[in-house]
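Structure, as structure tokens:
In the numbering used here, the protein residues as written are 10 to 577.
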């Protein structure tokens, strides 16, 4: 029985991986063009006679030289960035713009954990000099410094307070402080965007931090293979929007898209090598993005089961159920566990940082039957054997996911997720209490309201398919989501349908609804090219960034927000 609401996982003909194409990467799209930088320097009108350091210098302490105070037209209005800053206290003055001879000053030194952030910003602003140590901050300079007590170490982000930053433009100087390097990074995103949009920052102080701790994008790389270049371009794009998660759905009925050494037979021709995955993870980490791998089971395993036909689930009439594994077969769990262990070792995490894993769990066809025990008698027998005479197919399936969770937890994963339809009404077995609900839909008959998950104490991530599902080809009455609709109508509390979840306010805060991810599903893989997908998701991602960063009604109209998105 197919699910009429979830995008169908229909097979598609195999195709060779498209050659990599030059895309508008985050760097290319957002970095200050040389001509724009030249204009900014001319506007600043500052001579460079006192500073002879080469661009990108990583020298130690240098003797400060006299520097001419730069002059420029005042930067007016509020900071023009996406997402908008939470607080800006205006002051009298001309603000800050990039100027000739200006430097990025890092008091903590070249080996500090913010040195890379300073170097990135300097490059993005056209090749500014970076200097380290006890320096005199000169007119036009940007000073970057940590305020936290653990400033000398790479401190994993544990809350939105760790992502906060303060930016002060005063007396032609710019000061960026934050408790962690993540906060420093987000401050540099604000500087970069403000220069793109308005030439600089107005005089005053920005105090900024996100509302929701988890903000990101999910990509179905299984049914449509995306190139490493494309994925890395999206990482840079979402990082500039201060989004901090990237979920990778790499296995489904149509493909298994990552190299496997334990089971090379299941890997599709179009796939990412482990070296490529490591490069993607390294880039994500440098951009303060957590990667959330997803190996879906016990459904959506068609690409794996093509090589293990004896493990395919069959109904009472002997018909094979596409994509579903027979969890009553004693050989099923060892196969999936071996893949989970191998992939868990590939997707590494920094020490002390949250270690994510997504179990999938959705659309197991056995539980979409009106009578699972009748339609799948072998599952019913296995449930009774394991859980007693009252054991059900729901119990067996819940136990399957619990066991897979133990497998990845043994490999160090500590932030476990599953789709909302992977949480079953199981009379004898409960889903692990530490598993988060990724709520994508609730339109099918019998599916639980998100309020029920919140009331039982579970955290719920927002994947609302009404607003946040970009389904290629628009099957099953899906339409491509628009940035305008997200910007004007959606909030993290709108988890299902178009209305906020009906629970007390104490259950809708960032500690219970930690955020949202925008999901790209490749149902009809040929419906759009990679470039078309990138163009189609640009404004929705910007709107999502705004609505997860600041809980207030946006100050800009949609037209003004869209115009700003086109500038930054």
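The beta-carbon is built from N, C-alpha and C at its ideal position, and this holds for glycine as well.
Item to check | 9 Å Cβ cutoff met for residue 361 and residue 165 | outcome: yes
Checklist entry - Going straight from the alpha carbon of residue 319 to that of residue 349, what length do you get? => result 20 Å
Next on the checklist: So, with DSSP's three-state summary, where would you put residue 302?
Outcome noted: strand
Checklist entry - Which stretch, first to last residue, makes up the beta strand (DSSP E) that contains residue 326? => result Where residue 326 is concerned, there is no enclosing beta strand (DSSP E), given that its DSSP letter is neither H nor E.
Item to check | Same chain, Cβ closer than 7 Å to residue 370, five either side skipped, listed in chain order | outcome: 410, 427, 428 and 431
Next on the checklist: What does the Cβ neighbour count give for residue 556, buried or exposed, with the cut at 16 atoms within 10 Å?
Outcome noted: buried
Next on the checklist: What does DSSP give as the partner residue(s) for residue 152 in the beta ladder?
Outcome noted: 114 and 184
Next on the checklist: What would DSSP say about residue 433, mapped onto helix, strand or coil?
Outcome noted: coil
Item to check | Per-residue DSSP class, three states only, for residue 540 | outcome: helix
Item to check | Coarse secondary structure for residue 493, derived from DSSP in three states | outcome: helix
Checklist entry - With a cut-off of 8 Å, do at least 3 Cβ pairs link the segment 74–94 to the segment 559–574? => result yes
Item to check | Cα-Cα separation between residue 257 and residue 395, rounded to whole angstroms | outcome: 33 Å
Checklist entry - When DSSP labels each residue in this structure, what does residue 197 get in the three-state scheme? => result helix
Checklist entry - How far does the alpha helix (DSSP H) with residue 404 in it reach, from first residue to last? => result 402–418
Checklist entry - Based on the DSSP output, what are the partners of residue 471 in its beta bridges? => result 448 and 525
Checklist entry - Taking buried to mean at least 16 other C-beta atoms within 10 Å of its own C-beta, is residue 16 buried or exposed? => result Any answer about residue 16 is weak, because its pLDDT of 44 lies below 50 and its placement is not dependable; what the coordinates show is given next. Per the 10 Å Cβ criterion, buried.
Checklist entry - Apart from the five residues just before and just after residue 203, which ones in its own chain have a Cβ nearer than 7 Å to its Cβ? => result 88, 89, 90, 209 and 210
Next on the checklist: Mapping the DSSP letters down to three states, classify residue 428 as helix, strand or coil.
Outcome noted: strand
Item to check | For residue 224, the nearest candidate out of 448, 366, 554 and 575 (CA to CA) | outcome: 554
Checklist entry - With 16 as the cutoff for other CB atoms within 10 Å, does residue 535 come out buried or exposed? => result exposed
Checklist entry - In this structure, what does DSSP give as the bridge partners for residue 229? => result 258
Next on the checklist: Can you tell me whether residue 167 is buried or exposed? The criterion is at least 16 other CB atoms within 10 Å of its CB, across all chains shown.
Outcome noted: exposed
Checklist entry - With a Cβ-Cβ cutoff of 9 Å, do residue 255 and residue 301 count as a contact? => result yes
Next on the checklist: Based on DSSP bridge pairs, tell me the residues matched to residue 96.
Outcome noted: 216
Next on the checklist: Buried or exposed for residue 400, going by 16 or more other Cβ atoms inside 10 Å?
Outcome noted: buried
Checklist entry - In whole angstroms, what is the alpha-carbon distance linking residue 532 and residue 188? => result 42 Å
Next on the checklist: On a Cα-Cα basis, can you pick out the residue from 310, 344, 313 and 417 that is closest to residue 355?
Outcome noted: 417
Item to check | Separation of residue 331 from residue 276, as counted between CA atoms | outcome: 18 Å
Item to check | Separation of residue 327 from residue 404, as counted between CA atoms | outcome: 23 Å
Item to check | Closest residue to residue 334 among 78, 262, 501 and 509 (Cα-Cα distance) | outcome: 262
Checklist entry - When the Cα atoms are used, what is the spatial distance from residue 217 to residue 119? => result 26 Å
Checklist entry - Taking the alpha-carbon positions, what's the residue 544 to residue 472 distance? => result 20 Å
Checklist entry - If you compare alpha carbons, which of 381, 482, 77 and 560 is closest to residue 324? => result 381
Next on the checklist: Can you find the residues in the same chain that come closer than 7 Å, C-beta to C-beta, to residue 194, ignoring five residues on each side of it along the sequence?
Outcome noted: 126 and 297
Checklist entry - Can you name the start and end residues of the alpha helix (DSSP H) that residue 383 belongs to? => result 381–384
Item to check | CB contact flag (residue 234, residue 309, <9 Å) | outcome: no
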